[in-house]
Amino acid sequence: MSKFLEDTGITVPIIGGPMYPCSNPELVAAVSEAGGIGIVQPISLTYVHGYEFKEGLEYIKSLTSKPIGMNVLIEKSSAKYEERMKEWISIALEEGIKFFITSLGKPDWVVTLAHAKGAKVYHDVTELKWAKIAVESKVDGLICVNANAGGHAGDIQALALYNDLKDLGLPLVCAGGVGDKQQYEKMLSLGYLGVQMGTRFIVSDECKVPQNYKEAIIKAKKEDIVYSLNLTGVKVSVINTPYIQGLGLKPNVLVSYMLRYSFLKRFIHLFYMLRSIKNLKGLIKGKKSQQGFFQAGKSVEGIDATDTVKNIIKSFL
Ligand SMILES: Cc1cc2nc3c(=O)[nH]c(=O)nc-3n(C[C@H](O)[C@H](O)[C@H](O)COP(=O)(O)O)c2cc1C
């Protein structure tokens, strides 16, 4: 058994990646129930899907008794956010969650909390520089986010990223570009111990995004994916639509100027964060998807129909 399967307690090396706002509880549970591991995105669970955090976890646990995980976005800019995240981690640990995926920043404090209860932490990285910080923080594994990923994509292709990180002595999971069996097998053959998928699971019967979002992914080819710096302040992978073109892929001159100065940068990041939280919630409610706002990665290429999560995972094996 691989170290990754051992760390997660699952049988199929597939993670249902955390997705704001697309990770509804039924989707998370379905990935776990099918043998992979579904990851709870806490802001999605509470703010978008309307559950109290503990109640949401209990609902997911009523749908599956198999392991689930939790995503911790490390955001240092607000003490209130950090305090709330610590409270959520402690609830998750009480509820028996044994697997955490951290993104951004330095995950050392999450590792301390998790290891005290025998839980594992894998950290999202896009390059060696961040992986070294994760190693210093004593994480148990790395989620290697490559240039084809949905969400905040990296810049490095899967093979090169694997080669950059393989000597760190940690289990490596590939995130990005896997939408079908062929890509899944290819990533495992490179040496990755598992894959994390987001876009493929948006097009599943259990995911509650509006139908036209799923159809846009089914229709899209990899050339239709563009990267916008104008949605959250960092590169986000989206389907190229007239709406996205209208917004522009780059921040305007004033924002670019402010981003150069650290004391102004904080305000811009806060503005982007609040705007993106609001925009993305609109996506689930159908308002933004009507306008043509669809987050997805290059794995759109291999996705041609919706199905149950169970059948999707079965089709990879
Ligand atoms: C709509 C969307 C939202 C995402 N939100 C998050 C998030 O909140 N936290 C996170 O760590 N990763 C997030 N991701 C990244 C996914 O968890 C996963 O790593 C990525 O989708 C893998 O690439 P793929 O889309 O090609 O499968 C998101 C991805 C998508 C497509």
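At position 218 of the sequence shown the residue is numbered 217 (numbering that gives the first Met the number 0), and the sequence of numbers has no breaks.
Glycine residues also receive a C-beta, built at the ideal position from the N, C-alpha and C atoms.
Contact belief for residue i with residue j at Cβ below 8 Å, rounded distance in angstroms
i    : j    : result
I339 : N70  : Coverage of the chain is limited to positions 0 through 316, which leaves residue 339 absent and any answer about it impossible.
L158 : L189 : 6 Å
I59  : V27  : 6 Å
V177 : M196 : 5 Å
P170 : F3   : 4 Å
V138 : V120 : 5 Å
Test item: CB-CB of residue i and residue j under 8 Å
i    : j    : result
G149 : A295 : yes
K65  : S31  : yes
E25  : E205 : yes
V172 : L187 : no
G301 : Q156 : no
I67  : G34  : no
V225 : I243 : yes
H114 : I142 : no
I43  : I73  : According to the sequence as given, residue 43 is Ser; it is not Ile. Not in contact: S43 and I73 (Cβ atoms no closer than 8 Å).
Which of helix, strand or coil DSSP assigns to residue i
i    : result
F200 : helix
Y191 : coil
Q244 : helix
Y46  : helix
Q290 : helix
S1   : coil
Y226 : strand
I238 : strand
G150 : strand
E93  : helix
I9   : coil
V30  : helix
I132 : helix
L316 : coil
V208 : coil
E51  : coil
G168 : coil
T111 : helix
N310 : helix
A215 : helix
A295 : coil
DSSP beta-bridge partners of residue i
i    : result
F98  : K119
C173 : C143, V194
L72  : S102
G37  : G15, I67
V124 : C143
Residue i: CB within 7 Å of a non-hydrogen atom of ligand 2
i   : result
G16 : Absent from the structure shown: ligand 2. Ligands present: ligand 1.
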